[in-house]
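Below is one structure, written out as structure tokens, with a few remarks after it.
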Amino acid sequence: MTKFVASNRTRDTQTTERMVAPYTPLELESLVARYGSPLMIIDCDIIRAQYRALQAALPGVDLHYALKPLPELAVVKTLKDLGCFFDLASSGEVELVRRAGVAPERCIHTHPIKTDSDIRDAMRFGVRTFVADNVAELGKFVRHRKRCDILLRISFRAEDTPVDLSKKFGCEPQAALTLLDTAKRLGLRVVGFSFHVGSQTATPGTYVRAIETCIDLIDRARAAGHLGLALLDIGGGFPVSYREPMMDIESFCVPIRAALSAMPKGIRVIAEPGRFIAAPSGTCVSSVVGRAERGGRWWFYLDDGVYGSFSGQIYDHAIYPIDCLKTDSVRVPAVLAGPTCDSIDVIDETIELPLLEAGDLVVGRVMGAYNSASATDFNFIPRARVLAINVTADAVTAS
Ligand SMILES: Cc1ncc(COP(=O)(O)O)c(C=O)c1O
């Protein structure tokens, strides 16, 4: 098995620190004093709470944490201890779950387009279930056909997501049965269907439509003699509230549960949540490194920006709740900018802040998903250190 050099995003620092969110200014200052700035704090208690909330909202659905939004060892271990399954999409993710001691049979590989080495690495680890959405991709599995199961990914376009994954992946529902026939001719074992309606989906309507269509496909496929179908993967996409409130997860899942109740017998349902589990766990603390008055507004420059922990503003289209620790009542119209020389590296141009000085701390919330995972060291400015807190489940104290 290829040994992957862990990137610094997977070299998280774990502490024995116990803190209860949203954390006091003193707690945040003391973490920065000890571990440096900028700092991405990942709270494993919140990971646990989010996992349990989604589990309660989708009873009977096996949750496979999608590693991509927050590929951290502490997070994987935390979820493994709760009995979570895992959704992998690259050989680096395979290596991370292996390091965390996850059993391969608890993992599926869901990237619809893979290299041969992606497939080989996952299979050497012991993963058996893979996703494909077209004939060329099915062809890559012919040589492995005795040892793998395939999920066919179906595309369901959603209008209410900033991240429309069905634009890039998935076959049209009307092409699914033909693809199923092709797979059979190739000697492949198709065990079910999967879809991902898009990330940070505002409403559950597309899930309902997708589940209903998949049920219809399963019925028609079984009638046509495809008797091996036993799995439906309803993907990720479950939303979290950033600055704007989104539906709470219980209300969001009510119509999804109703749609799932019509599932034919013998079908196990799984999901691949990433953001919902990861996002609320992340608190980003950065420091003011300089300031300037330009065009009648104060610009405050931080040691972190859109090339770093705020990369999700660019790639993930998210706008995070941000404030400073300084509590002065007088606030001025301000611009928060990142540390690189690029003009795109501006975090917020419409914020009001006290007159900050070098060393003052700025805190971003709900930043655990798709931020540190896509951060860079552009300009040789190091990305934030990732610090996992509340790593052990015991001794949780309520404030
Ligand atoms: C195949 C797959 N599964 C799961 C996820 C996680 O989605 P989310 O973070 O919206 O839950 C993604 C996100 O890109 C994905 O591509």
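Just so you know, we're using my numbering here: the sequence shown kicks off at 2 and counts up by one.
Every residue, glycine too, gets a C-beta built ideally from N, C-alpha and C.
Keep in mind it's a predicted model, so treat the numbers as computed, not measured.
A direct Cα-to-Cα measurement between Ser167 and Ser200 gives close to 10 angstroms. Relative to ligand 1, the beta carbon of His197 is positioned inside 7 angstroms of a heavy atom. Shortest Cα-Cα distance from Ala389 to any of Asp182, Lys78, Arg53, Pro26 involves Lys78. In this chain, the alpha helix (DSSP H) harbouring Pro256 covers 250-261. The beta-carbon distance between Leu83 and Arg49, rounded to whole angstroms, is 6 angstroms. This is short enough to meet the 8 angstroms contact definition.
Listed in chain order, the non-local C-beta contacts of Tyr36 below 7 angstroms within the same chain comprise Thr14, Arg386, Leu388, local neighbours out to five positions each way being set aside. Judged by DSSP secondary structure, Cys342 falls outside any alpha helix (DSSP H); it is assigned neither H nor E. Lys185 and Leu59 have their C-alpha atoms roughly 32 angstroms apart.
Check the Cα spacing between Arg107 and each of Gly127, Asp119, Lys266: the tightest is with Gly127.
Secondary structure note for Thr207: its alpha helix (DSSP H) is the uninterrupted segment 206-224. With a threshold of 7 angstroms, the Cβ atom of Thr111 counts as near ligand 1, since some heavy atom of the ligand is closer than that. Ser118: not part of any beta strand (DSSP E); member of the alpha helix (DSSP H) spanning 117-126, first to last residue.
With a cut-off of 8 angstroms on Cβ pairs, the segment 281-290 is not in contact with the segment 85-95, counting fewer than three such pairs. Comparing C-alpha distances from Ile271 to each of Ile257, Glu160, Ala280 shows the shortest one belongs to Ile257.
About 6 angstroms separates the beta carbons of Ala203 and Pro240, which is inside the 8 angstroms limit, making them a contact pair. In this model, Gln51 and Gly297 are separated by some 43 angstroms (Cα to Cα). A residue is called buried when at least 16 other Cβ atoms come within 10 angstroms of its Cβ; Phe253 meets this threshold and is buried. If you check the CB distance, Ile151 and Gly171 do not come in under 8 angstroms. In the three-state DSSP reduction, Ile48 falls in the helix class (H, G or I). In the DSSP annotation of this structure, Asp134 is not part of any beta strand (DSSP E), being labelled neither H nor E.
Set against 7 angstroms, the gap from the CB of Gly283 to the closest heavy atom of ligand 1 is not smaller.
Inter-residue distance for Ala177 and Leu218 is about 8 angstroms (C-alpha atoms, whole angstroms). In the DSSP assignment, Ala293 falls within the unbroken beta strand (DSSP E) covering 283-295. Not one heavy atom of ligand 1 sits closer than 7 angstroms to the Cβ of Gln314. For the pair Thr214 and Pro265, the CB atoms are not nearer than the 8 angstroms cut-off. Under the three-pair Cβ rule at 8 angstroms, the segment 301-309 does not count as touching the segment 218-237. Shortest Cα-Cα distance from Ala211 to any of Asp317, Ala359, Gly61, Ala263 involves Ala263.
Its Cα nearest to that of His145, the residue Ser118 stands out among Ser118, Val289, Thr162, Ala159.
Contact check for Asp44 and Arg269: beta-carbon distance about 31 angstroms, past the 8 angstroms limit, so the pair fails to qualify.
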